[in-house]
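Residue numbers (this note's numbering), protein chains in the order written: chain E, 1 to 481; chain B, 1 to 481. Here a beta-carbon is modelled for each residue, glycine too, at the ideal position from N, C-alpha and C. Structure first, commentary second.
Okay, structure coming up:
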């Protein structure tokens, strides 16, 4: 039994000089093996000792991977009988891999992995207007003409680009034509497009510190030289940037709601940033990922709205305002760069599926989008408060909750003497999707804390979930000096 | 009037050192302006003289752009009154941009641009099983659970990867696990993924000569050094490749049906290519874009089926076997490279919309896919014959039709004394999507001819369309020496 399981894990090659920790590589490999059916419910996993020997890693590495998989319900610990693949997987955790869909009687499809509590950057999936949405999808699928099936415009479906231009003018103070808008599969895709069109090997790029790590990873892969610039209470310290790398080609910023600290870039800093870019001919990516969600006052206008010299590349995503598996976002290119961006876009891929683009265009034009945003703002405002109050109720003096006027997460700070990385690992092993703030820092210290998404925690569940967190991370908090 | 139109064309900046001809840039810009509503039905275009002066180009450049747009129905020539945007656009040519969809009474949506006769690489859009497809889409949209909306696996939807692995084993002789399959948005996306994961700046890449030009463009943008290798009746001349660039990192080939010549790579050449890759540690991209369509004998097994040392990166697309605006394809990575490819894939984008992936998985698993392929093979076989016979009937001695056992296009050769580029331009100006074979060559001469897609020409229309082509290109054929 063990032998055959080990054989089924044979594809696993650990990458030593990689950015991904070994436990994560093992975790992902086993999870994939389960999801694709290489490992089946009831299969016994190799012992942690055996697997550690095979890969020449510490046993703790394997333990960590098994713990997370157990926390997520993929594996079940059977004590001396070892660790087995959970028998309840097919109906609960696995992404529909086990049951083949049939046309005649599909029944309710097995749910994919549900969002784990505290997961960041995920909209409230339980509150999405699924009925209206699926009606629109069905309608567009039925109305699908032969001509809709040919190669689409790689820049995106024209009516969607128009709808976005209208939305940006009304909601974000951004004036642009539909021709300036390129549809992307999300932020990462837009970032890579900008890198391919504007960056040369070794070009310097300002990056906020702390930041959203995939930004730096993608830019490094594009051979850029990263220059982390500290963020303080007014956002990016623009003058530090000028002092460190005046001749940078690009700055990537999150002005509305800094990721992850949640501060807004102040008006003087906005003007300083734009002025630097105009004088030095640099470009600015404005990653406006969750600006719609602001609970105190109105959403701030985008940095792009002040951009007289057309130095800002505005990047938006539908992942937060609609849902992530839609994989749609957009880039607003300056008029001078439209042809260049279109050309580099075409070299990368020939665009995105049109069905969803049609549905989103319809959803926006028919007024559902504005209504949905309004509802989500109200919902998130109450979820944000419920979580923050529950955290204070459960952790008392141990905790300081860092609430910002907007966004989809808060920061829980536990003071000195305990590592946020340690706390996050314990919470993750218990099935909670908790991230350590310190892991977001490049060189600048931004303190320690836990990043906790509140959008998927219903008000009535907040206290329970905080108690679960408390149970998981209590020990190191009690034991500190 | 003219002034305001000129102003609405202000975004147009011509790129002088670009691969795209100037007339094509102007054409695309005006078409985009019409599709996005910047130019409206009835708007008068600037005179060709005025526009030529403004851009400092020859008047003929503007003429060519206007001619194509007129041929496609976007513009109408009014003689001395100038050229105006067609008033019939919204119901016929434009991609739905003019009419905003409403939820209550959508009616039949305006058709997007219909495929132009002879367009290459486009499946028979009139014969797609739209009813079954839209029923599946509607069903999946209704069954959409909250958990289906979170961030998807960037490598793709697990059941689709399984279905593809099953299909490849049964139809292409390729054995792989679902874990080796990465879902892409099509060939271009897969090519860029391979380039990002495996190519260093300046690495040499063998490219077939003639070839599919976007391959070279994407590889050049990835800083590869292209080494064109001639193709003869047995496909890529492998020994020429070894002589010219033994230490190349990658070879990109179309072994089943060379693009565009249609020849198959012979077995001795296949073995030589694999042996070179094994010995020198090089990689091979097998672009298996239309191998399913073979009309004489059975489809050839893929090169990948002979790949004992795992040097082949197999690339497939659903653009030809389903439809292009689906934007789905896949890459089969060697087991040793799965982790590396997954990592580089994640750096580029976070995957593709899941709805279509679910539908395709269902379509394959329920048996519709195999049935569709079988039907299309029969349909294309008769359209291929009908077009070839009609060409012979209309052009008589002027033409030699180069029919290969597979594929989606044929090559019409008109002998010496007339330029295929000239013929193609005339046909394009008349609204036919005809490409010149010689434009596909890099350094190796592959002769002249017109590339004519037959998949979208119904048998009963073939003669009419050939007569239309005859009418458009007759003069230079009559006038040659």
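Just mark residue i as buried or exposed, buried being the case when its beta carbon has 16 or more other beta carbons within 10 Å.
i	result
residue 284 of chain B	buried
residue 443 of chain E	exposed
residue 357 of chain B	buried
residue 259 of chain B	buried
residue 396 of chain E	exposed
residue 464 of chain B	exposed
residue 391 of chain B	buried
residue 286 of chain E	buried
residue 211 of chain B	buried
residue 482 of chain E	Lying outside 1 to 481, the shown extent of chain E, residue 482 of chain E is not represented and no answer is given.
residue 239 of chain E	exposed
residue 192 of chain E	buried
residue 247 of chain E	exposed
residue 469 of chain E	buried
residue 418 of chain B	buried
Just verifying my parser: in three-state terms, what is the DSSP assignment at residue i?
i	result
residue 83 of chain B	strand
residue 230 of chain B	strand
residue 374 of chain B	helix
residue 424 of chain B	helix
residue 320 of chain B	coil
residue 403 of chain B	coil
residue 209 of chain B	strand
residue 184 of chain E	strand
residue 164 of chain B	helix
residue 350 of chain E	coil
residue 217 of chain B	helix
residue 284 of chain E	strand
residue 292 of chain B	coil
residue 74 of chain E	coil
residue 463 of chain E	helix
Going along chain B, which residues have a C-beta under 7 Å from residue i?
i	result
residue 416 of chain E	Going along chain B, no residue has its Cβ under 7 Å from residue 416 of chain E, so there is no contact; the nearest lies around 34 Å.
residue 122 of chain E	150
residue 347 of chain E	217, 218, 221
Determine the chain E residues that contact residue i at a beta-carbon separation under 9 Å, and present them in chain order.
i	result
residue 356 of chain B	353, 355, 356
residue 409 of chain B	Going along chain E, no residue has its Cβ under 9 Å from residue 409 of chain B, so there is no contact; the nearest lies around 15 Å.
Can you tell me which of the options puts its alpha carbon nearest to the alpha carbon of residue i?
i	options	result
residue 350 of chain E	B:264, B:207, B:61, B:326	B:326
residue 454 of chain B	B:306, B:353, B:205, B:125	B:125
residue 131 of chain E	B:128, B:146, B:119	B:146
residue 149 of chain B	E:366, E:134, E:224, E:225	E:134
residue 430 of chain B	B:29, B:66, B:47, B:49	B:66
residue 371 of chain E	E:322, E:477, E:336	E:322
residue 159 of chain E	B:32, B:43, B:27	B:32
residue 354 of chain E	E:85, E:143, E:49, E:52	E:143
residue 413 of chain E	E:385, E:315, E:477	E:477
residue 436 of chain B	B:449, B:242, B:427	B:449
residue 121 of chain E	B:151, B:417, B:116, B:363	B:151
residue 28 of chain E	E:375, E:342, E:307, E:74	E:74
residue 183 of chain E	E:361, E:195, E:42, E:379	E:361
residue 299 of chain B	B:82, B:428, B:475, B:405	B:405
residue 156 of chain B	B:218, B:457, B:375, B:332	B:332
Applying a beta-carbon distance threshold of less than 7 Å, which residues of chain E neighbour residue i?
i	result
residue 152 of chain B	325
residue 369 of chain B	The contacting residues do not exist; residue 369 of chain B stays about 12 Å from chain E at best.
Of all the CB atoms in chain D, is at least one closer than 8 Å to the CB of residue i?
i	result
residue 33 of chain B	Looking at the structure shown, chain D is missing, and the protein chains on hand are E and B.
For residue i, which residues in chain B fall below 8 Å Cβ to Cβ?
i	result
residue 433 of chain E	Near residue 433 of chain E there are no residues of chain B at all, since even the closest Cβ is about 11 Å away, more than 8 Å.
residue 134 of chain E	138, 141, 142, 144
residue 115 of chain E	146, 147, 150
Starting from the beta carbon of residue i, find every residue of chain E whose beta carbon is closer than 8 Å, and list them in chain order.
i	result
residue 25 of chain B	339
residue 440 of chain B	Ordered by position in chain E, no residue passes the 8 Å Cβ test against residue 440 of chain B, which lies about 18 Å from the chain.
With 8 Å as the C-beta to C-beta threshold (strictly closer), list the residues of the stretch 195-222 of chain E near chain B in chain order.
196, 201, 214, 217, 218, 221
For the stretch 167-194 of chain B, which residues have a CB atom closer than 7 Å to at least one CB atom of chain E, in sequence order?
177, 178, 179, 185, 186, 188, 189, 192
Please list the residues of the stretch 284-311 of chain B that have a C-beta atom closer than 9 Å to any C-beta atom in chain E, keeping them in chain order.
none
Taking only beta carbons into account, state which residues of the stretch 455-468 of chain B come closer than 7 Å to chain E, listed in chain order.
Result list empty, no residue passes.
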